[in-house]
Structures are given as structure tokens and as C-alpha cells.
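Presented below is the structure to which this report refers.
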Amino acid sequence: MTTREWLLSDNPVSRRQARLGQSYRTWLDFRRNGLAMFGLAIVLVLVLVAIFAPWLAPHDPLIGDLRTTRLLPPLSEGHLLGTDDQGRDILSRLIWGSRITLAVVALVVVIATPVGLLVGTTAGYFGGWVDTVLMRFTDVVLAFPKLILALAFVAALGPGIENAIIAISITAWPPYARLARAETLTIRNSDFIAATKLQGARPARIIWKHVVPLCMSSVIIRVTLDMAGIILTAAGLGFLGLGAQPPQPEWGAMIAGGRNFLVDQWWVATMPGLAIFIVSLGFNLLGDGLRDVLDPRRRT
Amino acid sequence: MSLLEVENLRVTFPTRHGPSEVVRGVSFTLGRERLGIVGESGSGKSQTGRALLGLTPPPGKATADRLSFDGSDLRGLSAREWRSLRGQRMSMVMQDPKFSLNPVMPVGKQLMEALRTHGTPRAQAKRASLDMLEAVQIRDPERVFRAYPHELSGGMGQRAMIAMMLVSEPDLLIADEPTSALDVTIQIEVLRILDRLVTDRGMGLIFISHDLRLVSSFCDRVLVMYAGRVVEELRASELHAAQHPYTRGLLNCLPQIDGDRRPLPTLDRDAAWAE
Amino acid sequence: MTTRTNRGRRGALWIRKAASVTGTVAVTFLGLLIVTFLIGRVVPVDPVLSVVGDRATQAQYDAAYRALGLDKPLVEQFWIWLLKVFQGDFGNSFLTTRPIAVDIARVFPATLELATVSIVIGTVIGIPMGVWAAVNQGRWIDHVVRVVGLIGYSAPVFWLGLMGLLLLYFKLDLVSGPGRVDITYEYDFTPKTGLFLIDTAMQGAWGAFGNVVSHIILPASLLGYLSLAYISRMTRSFMLNELSQEYITTARVKGVPEWRIIWVQAMRNAAVPLVTVIALSYANLLEGSVLTETVFAWPGLGLYLTNSLQNADMNAVLGGTLVIGAIFVGLNMVSDLLYTLLDARTRKR
Ligand SMILES: Nc1ncnc2c1ncn2[C@@H]1O[C@H](COP(=O)(O)OP(=O)(O)OP(=O)(O)O)[C@@H](O)[C@H]1O
Ligand SMILES: [Mg+2]
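Residue numbers (the working numbering), protein chains in the order written: chain A, 396 to 695; chain B, 208 to 482; chain C, 3 to 351.
Here's what the structure looks like:
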């Protein structure tokens, strides 16, 4: 029996085989979606570029030669995408910038997901006034337009990449809290939770050991769908000068830098925008494909 | 010449586990008469009816060796040709009025649409609709005409549905459990209307039902379906003499007012019937 | 069951819904005020210094400190601030030295006009696109609509704006550049409503009207594209849902033509949730307007907010945030109520 047959077996003998088989089928479904595969490829390339940035980048991203390489157009010798007003190679800056983009996404996910899970599962598990207070608070944060709230926070905390990440995280968790709460409500009264309670486990333990793992998968899908939004918000903050500060090669800030040369040196603002667009399109295609395969109602 | 001739009708739906055939080679002819179709839930009665109107829901496919209505072939009709047949010459009373009426359109508007689509002037369409509502025993036709579907009871919705399909006086009517939500007196009245249309106007009627007793007393002939096949075709008067074990089983399960029926009878199925 | 009692019951339902929505909004709004207030307190900028300047003596400083109420407990400070906000007093802007409420009232029409033109563009194109995709589900048209939508979701709006300016204004000269109107036309009309399209049209200043159109068309198209992405996707999914309902088959049985099935039978049902979607995208446009206005030097709320941000004009930032938050909450409430109103009129839920 090949691995494939074992995975696709209609009568799995173990729970592990059934679960792996289910994942494999999902993967087969996903693989048939060309656009989603394209998105996955973009994201993978982004990750690889970020990891190998020091080896891939042909020039120094921060220091350029002001006398010889200022504002060279694309396809100049040694500068595939041209150079900016400081004589820095744009391609190298984009390659190094992928690390910032990826770091922002990763950090926001790492901060916002646990907060959302904690608030949502606690509200769902305890119900009553705990639920009311927590969800009301969630609704208040949701009531602000995301970018505006992030702007206000950065204004208060001061500009900078760390504060931008904190501000985006503050605006990102409420949807995860709502989702986790909804999931918790469906499992709160199940028999195995009741059994664990009877054994005298403390609520914190039940939530952490039993409720959180069950909410994980739906929250992860939602997070994937949000990643493009996180990238765009971060770029927007960078563009307004509130995110990463110069000379860091953050893509949004690079666009802002190129704005002054828009008419005659169009490439300085165009290239980083293309990078943002391609990467967030990749995340969107990936998330869209994931939702299609994992949401049974959309299956045809 | 028969009104409708069907030979080897098949309806297939693609599924994740390959194609699933829900109507499997149904053949019959219909004159200007009342033909009953009975069978348990899921046996393919509604899908047969829909296929006759070319309304198999996608991604389903219907095929037939022969499908002719009043001498003309229905297979491969264009969308426009279908539209001129549907509503005007053939129509179908849908099974569940709760879902089969548009929830945000007044009932009267939906009734008139059946006529207006085929070019009847507005005033005339309205008069005909009100008359039709009255004919199906609706006491306050003006009110029902203005009402939205959710404001009607199940029985009223069913009668509005019947009125909607009869108002254009079709030559062929497929009625999918048209009287299941009606009380006995209204049921009789509705059946009388259908009966008159068959005998006076020569309409062909396909009457789909679970109710074996009703079908045997109202229809001329009965098709018994099981798992997408016609397992037996009988004259209604000879229903008690049915041969097929499935039909006999169904007959056996009918409740009787007199007589103790304990233990309740069960229907034993045989995999071979579906072959 | 008579229609009258039914209508009465629906009325009661509507009132109860309105009460509960109003309650929710009141609490949300209070939260909005608290959050804004707290943001204002954690600012590293010393509000006293910005009043008295850094040359002030300790006595002057302390006097200003007390005058600003900073010596009082936080809750009391909040209460004082709250009373002021309810009187429309957000304090003065350091930048313009005018009361912030006056500033906001002055810039708001520009944003309103931009957002409105955008939502019209997004709706008029987005709905037919979504319907078209739904009717052709799984075919290439469906995929094209999906990709067009995803591109709208993925492109940074400020970059699209720059690219649009570069191409359509600087290179091809098809539209006018940044700003709302050229200086040469600025005195051809008096801005009564602040909505220049309406002002110029009412005063018959058609030359200026044309100029205003050529200014607004590019930013509004870009913002419209963003809402189009959302509207077309939601329209598609609502339409797919409606087209699979039994009543559609009923209409087909009657021989109703396909365009009528789609645009009358199905659309009437899809319209109910669509109204909500449009109200929500209108609210989201406020967000998009911040970055768009910056790129197009569009003198609206978004530009006011970013200018204040860059000059650490905290009162103005908080005032602007609060106003935008309030509009956002308000539009959410309106969409919620509209849904109930439209829905209760015709169906039972
Ligand atoms: N859209 C569809 N896709 C796949 N299978 C379908 C679809 N519609 C119906 N079927 C299947 O076709 C079979 C026959 O359905 P049909 O509606 O004709 O039954 P029926 O005899 O009318 O039952 P009932 O008495 O309950 O109305 C059922 O097994 C059903 O599961
Ligand atoms: Mg049926």
C-alpha cells in the first residue's frame, strides 16, 4: 500500500490515519485551486527572501553612493530596479524590507491571537456578566475604524516600528475574540468538558487545555485572511511617517520617500508599492483558497 | 396521440463519490388523464417532475431517449422555447409553498406574473388572478392578493400556489403533493377543480403524492416509484391487486380507522427492487 | 390572523429592536469616549508646556497645570472633559488656533463629498459585477470578478493614488491634480454647502463644476474601487444564495424571463442584506479617506487628522478620531436598523 492509498483509505484504522487523511484530502482540494497555489507560492518566496536576504541582496540597503549612483533608472548596470535619492539600490532595500514586513505580520499575529483567544474563550466559558463586560469592551474596540485607532495610538505612543506593531495588534484582536467566543459557546456544554469539570480541574486549566485547542483552527484561518490587511495597515503607517523610521527599508516609508520624485523618477515610489501589492495579493489568494477548502458550505 | 411521452428518463447529480443517479430510467405516457405517482420520500418523484419541465437543478443532468410533449420533442429546446412552454402550456405546483413563494413579493403580484409574462394585460391578469384565488376556496381573495407569503397559513399558501399554476390554464400540470397541508373539505374542492380541468378542458395531470388511498380514488392510473425506478404501473381501480412486494408493503402500512393495528406494520425493503 | 395585528406585532418588534440598538450604541459610544480620553492622557507630550511654552516659570507652570484641571483625579478629569465634548468643545487646535469643532465642521464636507461619490461608483459598478459573477458561477467571468476584487483588497490605496496621479495627471493629463478645485475657478462660486459639486451646479458655475469633477474623479474612483471589491463579493454570495432557493424554480416554472428572475425576484431578496453592506462600506471609506486625502491633498477630515498627527496637535487628533469613530458607530447603527426595517416589513424571522 502506498502512502497515498493509506491516506485516502475509506476505512482508517486509527484516529491519526483519519486525521492525516482528512488533511491530505483538504490539501488535494486546495492544490486544484490554481489561484490559491499561486498565493502560496508568493508567500513562500517572501519567506525565503526574508531568510536569505543577506545573501540575495546585491548592495547595502542603508548606505548608497551619493556621487555616482543617485536616482539611476531601472535596468541600470548593477541596479535592476534602479536606485533612490540616496543612491541606495532599490532591489536590495526591497529584499531587506521583506524582513520588516514579515516581522510585523508575525509579531502582530503573536500578540493579537493570544489576546483574542484569551478574551473570547474566557467570555464564552464563564458567560454571565464576565461575558457581557468582555464582549462590550470588544465591541467598543471594533467600533473604531482600524487605521484611525492605530493612528491615534501611534500618535500617543510616538512613531516607530515597535509602536506601530503594538497599535496594529491593539486593533487586530477583537475579531478573534468574537470567533473564539462563538466556538467556545458550542463546546462549553459538551460532555467531555463536564467530565473534566467533575474531576475538579480549575477553569483556567480547562480553558487552556481543552477549549483553546478546539478554537485554534478557525482562528488560524481568520488570521491568515487578516494578514494582507495587517501588511496594508503597516505600510499605511509607514507612508504617514508613523511606522518604521528612516533609513530602515520599510516598503510604505519607501513609497513616501519616492513621492517627491514621482514625476521624473517614477520607479522610486513604484517598486515598493508593487512589492506590497504582490505580497498582500499572495496572502489574500492564500486565505481565500483556504476558506474555500475549509468551509464545507462553499464546496460544490 | 398522447400528450406526453417519456422513455428512459434519467437524472444524475455529480457528487464527491462519483455521479449519483436519482431517477433511473423512468418511462410512461400520459394522455388527457390523471396519472398518480406514489413512492416513499426520496424516491425521485419531484426530480422526475422537474426533469419534465427542463428544470433539473444544476449541476444535475437529465437525459431521456424520448421526451415529447404534444408531438414536439422537448430535448434540446432553447431557453426561449422552454420559456414559451412553461407557465403557458405546462406548469407545476411546487411541493413546499413556504419556500416556493418569493418572500418579498405580494402573493397577487406573483400570481399575475404568470399571466403578465405571457402578455396578458394588467387589468385582465388581475381579474383572472382574483377569480382563481376564489376558485381555490380562498374566502378573502383581495386580502390574500395583497398579502406577503409569510402572512398566509400553510394551507392558504398551498392554495395560492395552486391558483398561480392554474391561472394560465396549462395543458399539462404536474402537481407535487398539492393537497398535503389542506383539510379534507378544501382538499376535495381543490381536487374537484383539478378534475374539472382534466375532464372539461382535456388537461393532463401528473399527481405526485405519498397518499396511496387518495391517489387510488382520484387518479386513473398510478406509477409506484422506488429508488428512482418505476417498480409498478397499475390502473387505480386495481391497486388492491398490486403484484410488487413494495406496493403491497405500502398498502399494508395504510392506517385504518376501524381495527386494531398493533403491532404497527413495518415495510421490509429488498435491495433487489432497486436493481 | 389578520393583517392588522400582524402589522402591530411588527411595529412592536421594530421598536424593541430600535431600543436595543440604541442601548448598544450608547454603551459603545461611552467606550469610545473613554478610549479616546485615555489615549489623550498617555501622550508623552506635556499638555502644560504646549500652553505656557518652555520658558515659563514654575509658578506659571503650576497655574496652567491647575487651570487645565490636571491636578484633579482622573475620573473627575474625564467627567469635565465629557461635559465639554457634549457641548461640542474639543478644545483648540495648536496648529490653526481655532476651536477643533469649527475646524472639523469646515473640512468635513470635503470628505463627505469624496466618500459619497466613491460609494456611488462602488455600488453602481460593484452590484452588477457581483450579479454577473453569481450568474456565471465557476466560469471564467466569475474568476475575473474574483481577481478584480482581490486586487482591490490587496493594493495599498495611497500607492494606487500616486500611480493614478503619475499616469493620468502628470503623463496623460486626463484629470486634474491634487486639491478640490483649481485656483482659477475658486471664486466662480460660493461654497454654501461645502459640497462643491452641489454648490457649483446650483449656482450655474458650469466651468467650475467641470473642474471639480475632474478633480474628484480620480480619488473617488480609487476609493470606489476599494468598496467595489467588497460590494461585488458580497453581492455575489447573496445572489448565489437566493438563486438556489425554491422560489426561483417557481418563477422559472411560470416562464418568467431570466433577467426578471435575477433583477426582480432574486434582487429584491438580496437587497435587504446588501443595504447593510453598502452602509458598512460607506463607513470603511472614512478609513480609506485618511490615506487618499493625504495623497491628493484633499482638504478633508483625513488630511486634517494626518496633519495634526505630524504636528503632535493632540487635541485635534483626538477630536478627529472621536468624530470619525462616532460616524462609524452611527453608520453601523443605521445599517442595523435598516436591516430590521426592510426585513420586518416583508418576512417573519
Ligand atoms: N440538488 C440535488 N443534488 C443532489 N441530490 C439531489 C438533489 N435534489 C435531490 N437529490 C436527491 O434526489 C433524490 C430524489 O429526490 P426527490 O426530491 O425527487 O424525492 P421525492 O420523491 O420527491 O421525495 P419527497 O416525497 O420527500 O418529496 C433524493 O435522494 C435526493 O437526495
Ligand atoms: Mg418531492
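Glycine included, every Cβ here is placed at the ideal spot set by N, Cα and C.
Quick one: is residue i near chain C, going by C-beta distance under 9 angstroms?
i               : result
L308 of chain B : yes
A321 of chain B : yes
S387 of chain B : no
V607 of chain A : no
V614 of chain A : no
R414 of chain A : no
Does the beta carbon of residue i fall short of 8 angstroms from some heavy atom of ligand 1?
i               : result
E384 of chain B : yes
T255 of chain B : yes
V229 of chain B : yes
E439 of chain B : no
T222 of chain B : yes
H417 of chain B : yes
L248 of chain B : In the sequence as displayed, the identity of residue 248 of chain B is Ser instead of Leu. True, at least one ligand heavy atom lies under 8 angstroms from that Cβ.
Of all the CB atoms in chain A, is at least one closer than 9 angstroms to the CB of residue i?
i               : result
T5 of chain C   : Interpretation of T5 of chain C is limited by its pLDDT of 45, a score under 50 that renders its predicted location unreliable; the figure taken from the coordinates is listed afterwards. Chain A, which has no Cβ nearer than 9 angstroms to the Cβ of T5 of chain C, makes this no.
A281 of chain C : no
H145 of chain C : yes
R351 of chain C : Confidence is the limiting factor: at R351 of chain C the pLDDT is only 39, short of 50, which leaves the residue's position unreliable and the question unanswerable from this model.
L85 of chain C  : no
I36 of chain C  : yes
F211 of chain C : no
A203 of chain C : no
Name, please, each residue of chain C whose Cβ falls closer than 8 angstroms to the Cβ of residue i.
i               : result
G636 of chain A : Q312
R293 of chain B : R254, V255, K256, G257
So which residues on chain C does residue i lean against when the C-beta distance must stay under 7 angstroms?
i               : result
H325 of chain B : G257
R290 of chain B : G257, P259
Using a C-beta cutoff of 9 angstroms, does residue i count as contacting chain B?
i               : result
A299 of chain C : no
T348 of chain C : Unreliable placement is indicated for T348 of chain C, whose pLDDT of 48 sits below 50; the coordinate value is still reported in the next sentence. Chain B contact via Cβ: present.
R100 of chain C : no
K19 of chain C  : no
At a CB-CB cut-off below 9 angstroms, which residues of chain C make contact with residue i?
i               : result
S675 of chain A : Y155, S156, A157, P158
S298 of chain B : V255, K256, G257
Give a single yes or no on whether residue i has its beta carbon closer than 8 angstroms to a heavy atom of ligand 2.
i               : result
I250 of chain C : no
K252 of chain B : yes
I625 of chain A : no
I381 of chain B : no
Q247 of chain C : no
Q365 of chain B : no
Q302 of chain B : yes
Residue i versus chain B: which residues are under 8 angstroms apart at the beta carbon?
i               : result
Y341 of chain C : Near Y341 of chain C there are no residues of chain B at all, since even the closest Cβ is about 13 angstroms away, more than 8 angstroms.
T368 of chain C : No answer is possible for residue 368 of chain C: it lies beyond the span of chain C, which begins at 3 and ends at 351.
Can you name the residues of chain A whose CB is closer than 7 angstroms to the CB of residue i?
i               : result
T323 of chain C : I543, A547
Can you name the residues of chain B whose CB is closer than 7 angstroms to the CB of residue i?
i               : result
R238 of chain C : Chain B residues near R238 of chain C: none, gap ~16 angstroms exceeds 7 angstroms.
R270 of chain C : V311, M312
E248 of chain C : M301, D303, F306, S307
Less than 6 angstroms between C-beta atoms, sequence neighbours within five positions excluded: which residues of the same chain meet that for residue i?
i               : result
I650 of chain A : F634, A664, P667, G668
Between residue i and the rest of its own chain, which residues show a CB-CB distance below 8 angstroms, the 5 nearest in sequence each way excluded?
i               : result
P313 of chain B : F352, R353, A354, Y355
F414 of chain B : R241, L242, G243, I244, A382, P385, L401, V422, F425, C426
I495 of chain A : I556, A639, Q643, P644, E645, W646
T38 of chain C  : L320, T323, L324, G327
I345 of chain B : V351, M363, R366, A367, A370
V126 of chain C : none
Check the Cβ of residue i against every Cβ in chain A and list those closer than 8 angstroms, keeping chain order.
i               : result
G302 of chain C : Result: empty, since nearest Cβ-Cβ is about 13 angstroms, beyond 8 angstroms.
Output, in chain order, the set of chain B residues within a Cβ distance shorter than 9 angstroms of residue i.
i               : result
T118 of chain C : Result: empty, since nearest Cβ-Cβ is about 27 angstroms, beyond 9 angstroms.
With a threshold of 9 angstroms between beta-carbons, can residue i be considered close to chain F, or not?
i               : result
V137 of chain C : Within the model displayed, chain F is absent; protein chains A, B and C are what it includes.
Using a Cβ-Cβ cutoff of less than 7 angstroms, which residues in the same chain neighbour residue i once the five nearest sequence positions on both sides are dropped?
i               : result
A207 of chain C : D190, F191
M3 of chain C   : The predicted model places M3 of chain C with a pLDDT of 39, which falls under 50 and marks its position as unreliable; any figure quoted below should be read in that light. Closer than 7 angstroms at the Cβ level, and outside the excluded window around M3 of chain C, lies no residue.
The stretch 257-265 of chain B / the stretch 292-303 of chain B touching (three or more Cβ pairs under 8 angstroms): yes
Segment contact, 8 angstroms Cβ cut-off, at least three pairs: the stretch 305-324 of chain C with the stretch 561-578 of chain A: no
Inter-stretch contact at 8 angstroms, needing at least 3 Cβ pairs: the stretch 274-293 of chain C / the stretch 134-152 of chain C: no
Stretch-stretch touch, CB-based, cutoff 8 angstroms, three pairs: the stretch 119-133 of chain C with the stretch 237-248 of chain C: yes
Cβ contact (3+ pairs, closer than 8 angstroms) linking the stretch 419-430 of chain A and the stretch 679-687 of chain A: yes
contact_flag[the stretch 493-510 of chain A, the stretch 546-565 of chain A] where n(CB pairs < 8 angstroms) is 3 or more: yes
Three CB pairs or more closer than 8 angstroms across the stretch 363-370 of chain B and the stretch 337-352 of chain B: yes
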